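All remarks here apply to the structure that follows.
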Amino acid sequence: MIREQIAQWVRQAIDAAATAQGWEISELPAVEVEVPRNPEFGDYATNAAMALTRLLRRNPREIAALLRAHLPPQTEEWMERVEIAGAGFLNFYLRPGWAGKVVRHILTEDQRYGETQVGAGKRALIEFVSANPTGPLSLGHGRNAAVGDTLARVLEANGYKVEREFYINDGENSTQIRNFALSVWARYRQLKGEPAEMPEDGYFGEYVIDIARWIAEHHGESLVQDDAEATLKRFEQVATQLMLEMQKQDLQDFRVVFDRWFSEQSLYESSAVQKTLEQLKANGYAYEAEGALWLRSTAFGDEKDRVLVRANGVPTYLAADVAYHRDKYERGYDMMIDLWGADHHGYVARMKAAMAALGYDPSKLHILIYQLVNLYRGDEVVRMSKRAGDLITLREVMDEIGVDALRFFYMLRSHDSTLDIDLELAKEQSEKNPVYYVQYAHARICSIERTAQERGVALPPFEEVPLEALTHPAEVALIKQLADLPHEVMLAGTQFAPHRLTAYALDTARAFHSFYTECRVLGAETEALQAARLWLVKATRLVLAKTLSLLGVSAPERME
RNA sequence: GCCCCCGUAGCUCAAUGGAUAGAGCAGCGGCCUUCUAAGCCGUUGGUUGUGGGUUCGAGUCCCGCCGGGGGCGCCA
Numbered sequence: 097m098i099r100e101q102i103a104q105w106v107r108q109a110i111d112a113a114a115t116a117q118g119w120e121i122s123e124l125p126a127v128e129v130e131v132p133r134n135p136e137f138g139d140y141a142t143n144a145a146m147a148l149t150r151l152l153r154r155n156p157r158e159i160a161a162l163l164r165a166h167l168p169p170q171t172e173e174w175m176e177r178v179e180i181a182g183a184g185f186l187n188f189y190l191r192p193g194w195a196g197k198v199v200r201h202i203l204t205e206d207q208r209y210g211e212t213q214v215g216a217g218k219r220a221l222i223e224f225v226s227a228n229p230t231g232p233l234s235l236g237h238g239r240n241a242a243v244g245d246t247l248a249r250v251l252e253a254n255g256y257k258v259e260r261e262f263y264i265n266d267g268e269n270s271t272q273i274r275n276f277a278l279s280v281w282a283r284y285r286q287l288k289g290e291p292a293e294m295p296e297d298g299y300f301g302e303y304v305i306d307i308a309r310w311i312a313e314h315h316g317e318s319l320v321q322d323d324a325e326a327t328l329k330r331f332e333q334v335a336t337q338l339m340l341e342m343q344k345q346d347l348q349d350f351r352v353v354f355d356r357w358f359s360e361q362s363l364y365e366s367s368a369v370q371k372t373l374e375q376l377k378a379n380g381y382a383y384e385a386e387g388a389l390w391l392r393s394t395a396f397g398d399e400k401d402r403v404l405v406r407a408n409g410v411p412t413y414l415a416a417d418v419a420y421h422r423d424k425y426e427r428g429y430d431m432m433i434d435l436w437g438a439d440h441h442g443y444v445a446r447m448k449a450a451m452a453a454l455g456y457d458p459s460k461l462h463i464l465i466y467q468l469v470n471l472y473r474g475d476e477v478v479r480m481s482k483r484a485g486d487l488i489t490l491r492e493v494m495d496e497i498g499v500d501a502l503r504f505f506y507m508l509r510s511h512d513s514t515l516d517i518d519l520e521l522a523k524e525q526s527e528k529n530p531v532y533y534v535q536y537a538h539a540r541i542c543s544i545e546r547t548a549q550e551r552g553v554a555l556p557p558f559e560e561v562p563l564e565a566l567t568h569p570a571e572v573a574l575i576k577q578l579a580d581l582p583h584e585v586m587l588a589g590t591q592f593a594p595h596r597l598t599a600y601a602l603d604t605a606r607a608f609h610s611f612y613t614e615c616r617v618l619g620a621e622t623e624a625l626q627a628a629r630l631w632l633v634k635a636t637r638l639v640l641a642k643t644l645s646l647l648g649v650s651a652p653e654r655m656e
């Protein structure tokens, strides 16, 4: 919050100085306020003067001096002094007592503390997971779910109205769905002792046999028709429905709830696919060649043109997906996000090209690519089963290490880095395990508050408590950390970097543990200090609980 | 061959183009009569893969190499 305040003052100073000096600033440079590595350089610093050098062609230190002279008067309420240093930094030195103001602000905001307004009044759509209904969700889908849901929560905290959507790949002419249905049917017949061959590109996972068995138990022979195609259709419907229900359950248990389940098949039934293809033709970006219908995606930078309708007349996945995204654009969101696995990255250019071909602004569509997840047990890689197709499922890992640990581990790295998860570490109850480290800080706070209550410690309202008494270095360091939450939430949202929150949570927990060791809360030197620290502890709890809730991780009141 | 991600301490990773590149783990040495030791404090550890370039300033941006991973279908 202080950061944003300073940034605002600096922007005002730039305006004021520009008016006084007759500067013409076409585009205001982004004002960056940072905490200098070296405390000698103040509590906060900005490079605004340096950023203006290129524009104004003047010595940055001169600019810095002018900016300092034009800082609004309120600055003095917070700042002891503002210095010009180095190449043209403005260094801000806070007045003693600022820390108390921060704590008071947090307590006033209460559970809303950390939220921002950067997305206020805007609607965002995030489409994620969108797995094929041909099997259980994998460990990779779990990463998608964790990143997508956390990003959704973060965007909500930034004021966006967010909708979470799952695109069901249930197109009935999908090759993969057909192979899946053929596989289930083959397994079913094998269970009956009939000779049946699995298809070449079939699904050989163990779970397919489970599905066949389930069908035998629940439907008996009732799905088998005289006509083979009709039988296949019945198996397809039952099996994909079963997988979809399983995926929904897994996601729900993983604390991911979607607002909408969008069916690919519905795009055919509403003739949205047809209309989309016609519009592409009308716009001159779809043409026939070699018996197929092609998207002229090269017109928008793609490497080659892409097939929309195969020579056999069946539309490709792309055709439906373009129709789907057209539907999204027509719904009028301010921002749309897709979260795709690394194996789909080649698809980005053609989707953006398709949107441009339809006349939409491709920059509203943000396609995030996440990288692979490797699973370890200690030093050993957990391999997939020898039987092709048996992936490690989200369910298995979630059941083994728990939702809290798994969600936290998923968010430990940027989505565009490959991620290693060590099951042993995730289950370990020690300082090595980052989840427990953070949760323990929260539990410790709750323990202090419980003890205070048991002992009947009187705690006046925070308005009446001298929070300015919080001046111990450990207290100040903690408060500075707490002050950063809104900034972190903003960055996590605007940079699509929700993993920043785990780092922030760890830093906050560290600052608290350090404070805990150095400063006694109950039984502090004076009653006033004890009260101030109790309020600081509460502010810390609010911040940790908020951060964890954005991550979808629980904040336990005790860990014993 | 083309595209994407990655390359920073022994290991796993941070660092919106800013000041002396930081954490955790591992290693070493300390701290529990007290509100939870699932904690804290100290300490060792670096030619940011490599060669150029851009500029007041590059781990960060651009180009070329090297290495690791992934992807390049009228599959999804």
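The opening residue of the first sequence carries number 97 in the working numbering; numbering runs sequentially from there. Glycine residues also receive a C-beta, built at the ideal position from the N, C-alpha and C atoms. Remember, predicted model here, so these are calculated numbers, not experimental data.
Straight-line Cα distance separating K634 from L581:
Along the first sequence, read from residue 1 onward, the residue named residue 581 stands at position 485. Along the first sequence, read from residue 1 onward, the residue named residue 634 stands at position 538. Taking the straight line joining both Cα atoms gives about 15 Å.
At least three beta-carbon pairs within less than 8 Å, the stretch 332 to 340 to the stretch 302 to 317:
Flag = yes, the stretch 332 to 340 and the stretch 302 to 317 touch.
Integer Cβ distance of S393 from A450, believed to fall under 8 Å:
For the purposes of this step, residue 393 is taken as the residue at position 297 of the first sequence. For the purposes of this step, residue 450 is taken as the residue at position 354 of the first sequence. Confirmed, about 7 Å.
Nearest-angstrom Cα separation, counted from Q467 out to K482
Looking up residue 482 in the first sequence gives position 386. Looking up residue 467 in the first sequence gives position 371. With a pLDDT of only 48 at K482, under the threshold of 50, the placement of this residue in the model should not be trusted; the figure read from the coordinates follows. A straight line joining the alpha-carbon of K482 with that of Q467 spans about 23 Å.
Length at least 4, wholly inside the stretch 558 to 602: the alpha helix (DSSP H) runs in chain order
The qualifying runs are 569 to 579, 581 to 590.
Check for me: the alpha helix (DSSP H) holding A645 runs from which residue to which?
Counting from 1 along the first sequence, the entry for residue 645 is found at position 549. According to the sequence provided, residue 645 is Ser. The question's Ala does not apply to it. Counting along the chain, the alpha helix (DSSP H) containing S645 begins and ends at 623 to 647.
Between D500 and S650, how many whole angstroms is the CB-CB distance? I'm expecting something under 8 Å.
Locating residue 500 in the first sequence gives position 404, counting from the first residue. Locating residue 650 in the first sequence gives position 554, counting from the first residue. Contact holds; Cβ gap of about 6 Å.
For S359, which beta-bridge partners are listed by DSSP?
The residue labelled residue 359 in the question sits at position 263 within the first sequence. According to DSSP, which records beta bridges pairwise, S359 is partnered with I264.
H441 burial status per 10 Å Cβ neighbour count (16 or more: buried)
Residue numbering aside, residue 441 sits at position 345 when the first sequence is read from its first letter. Result: exposed.
Do H166 and A103 have their C-beta atoms within less than 8 Å of each other?
Locating residue 166 in the first sequence gives position 70, counting from the first residue. Locating residue 103 in the first sequence gives position 7, counting from the first residue. Not closer than 8 Å, so no.
Give the secondary structure of Y299 by DSSP, where H, G and I count as helix, E and B as strand, and everything else as coil.
Translated into the one-based positions of the first sequence, residue 299 becomes position 203. The answer is coil: DSSP assigns Y299 none of H, G, I, E or B.
Bridge-paired residues (DSSP) for A220:
The residue you call residue 220 lines up with position 124 of the first sequence. For A220, which the question treats as bridged, DSSP gives the partners V258, M431.
In three-state terms, what does DSSP make of R491?
Within the first sequence, the letter at position 395 stands for residue 491. For R491, the three-state secondary structure derived from DSSP is helix.
Exposure of S318, with buried meaning 16 or more beta-carbon neighbours within 10 Å:
Working through the first sequence from its first residue, we reach residue 318 at position 222. Label assigned to S318: exposed.
Helix, strand or coil for K482? Go by DSSP, reduced to three states.
As a position in the first sequence, residue 482 is number 386, starting the count at 1. The predicted model places K482 with a pLDDT of 48, which falls under 50 and marks its position as unreliable, so this point remains unresolved.
Rounded to whole angstroms, what is the Cα-Cα separation between E302 and D486?
Along the first sequence, read from residue 1 onward, the residue named residue 302 stands at position 206. Along the first sequence, read from residue 1 onward, the residue named residue 486 stands at position 390. C-alpha separation (whole angstroms): 6 Å.
When burial is assigned at 16 or more other CB atoms within 10 Å of the CB, is R546 buried or exposed?
The residue labelled residue 546 in the question sits at position 450 within the first sequence. Label assigned to R546: exposed.
Contact set for M586: own chain, Cβ-Cβ below 7 Å, skip 5 residues either direction
Locating residue 586 in the first sequence gives position 490, counting from the first residue. Contacts found: T212, V214, N254.
Specify the secondary structure class of A385 as computed by DSSP and reduced to three states.
On the first sequence, position 289 is the one that residue 385 refers to. Looking at A385 - three-state DSSP - the assignment turns out to be strand.
Measure the C-alpha to C-alpha separation of K371 and R427 and round it to an integer number of angstroms.
The count along the first sequence starts at 1 and reaches residue 371 at position 275. The count along the first sequence starts at 1 and reaches residue 427 at position 331. Rounded to the nearest angstrom, the two C-alpha atoms are 16 Å apart.
Nearest neighbour of K460, chosen from A220, A141, R157 [CA to CA]:
Taking the first residue of the first sequence as 1, we reach residue 460 at position 364. The candidate whose alpha carbon is nearest that of K460 is A220.
Figure out for me which residue from A145, E384, G316, A227 has the closest Cα to the Cα of W357.
Counted from its first residue, the first sequence places residue 357 at position 261. Looking at the Cα atoms, A227 is the closest of the given residues.
Assess, as a yes-or-no matter, whether the stretch 360 to 368 is touched by the stretch 410 to 427 under the definition of 3 or more beta carbon pairs within less than 8 Å.
yes
Residues in its own chain within less than 7 Å of H609 by CB, not counting five upstream and five downstream?
Reading the first sequence from its first residue, position 513 is the one you call residue 609. Excluding positions up to five away in sequence, the list reads A537.
Measure from the alpha carbon of G387 to the alpha carbon of each residue in F396, A570, E374, N408, then state which is nearest.
Your numbering for residue 387 matches position 291 in the first sequence. Answer by Cα proximity: N408.
Assuming H568 contacts E614 under a Cβ cut-off of 8 Å, what Cβ separation, rounded to an integer in Å, is found between them?
Against the first sequence, residue 568 aligns to sequence position 472. Against the first sequence, residue 614 aligns to sequence position 518. Contact flag correct, Cβ pair sits at about 7 Å.
Check for me: the alpha helix (DSSP H) holding F331 runs from which residue to which?
Residue mapping note: residue 331 aligns to position 235 of the first sequence, counting from 1. 324 to 349 is the extent of the alpha helix (DSSP H) around F331.
Alpha carbons only, please: which of M97, R157, R239, E173 is nearest the one belonging to D512?
Taking the first sequence and counting its residues from 1, one reaches residue 512 at position 416. With distances taken between Cα atoms, D512 lies closest to R239.
Beta-carbon contacts of A144 that lie in its chain and below 6 Å, excluding the five residues immediately before and after
Taking the first sequence and counting its residues from 1, one reaches residue 144 at position 48. The answer, listed in chain order, is V106, V127.
Can you tell me which of the three DSSP states R164 falls into?
Working through the first sequence from its first residue, we reach residue 164 at position 68. Reduced to three states, the DSSP call for R164 is helix.
Cβ neighbours of P594 in the same chain (closer than 6 Å, five flanking residues each side left out)
The count along the first sequence starts at 1 and reaches residue 594 at position 498. Excluding positions up to five away in sequence, the list reads T246, L247, V250, A588.
Are the Cβ atoms of L287 and A312 separated by less than 8 Å?
Sequence index remark: in the first sequence, residue 287 carries index 191 (1-based). Sequence index remark: in the first sequence, residue 312 carries index 216 (1-based). Cβ distance < 8 Å, so L287 and A312 count as in contact.
Three-state secondary structure (DSSP) at D398?
The residue given as residue 398 occupies position 302 in the first sequence. Coil.
Leaving out the 5 sequence neighbours to the left and right, which residues in its chain are closer than 7 Å to A452 when beta-carbon positions are compared?
To locate residue 452, count along the first sequence from 1; it is residue 356. For A452, where only same-chain residues beyond five positions count, the Cβ hits under 7 Å are F396, P458.
For a test of the three-state rule: what should DSSP assign to V106, helix, strand or coil?
The sequence position of residue 106 within the first sequence is 10, counting from 1. In the three-state scheme derived from DSSP, where H, G and I count as helix and E and B as strand, V106 is classed as helix.
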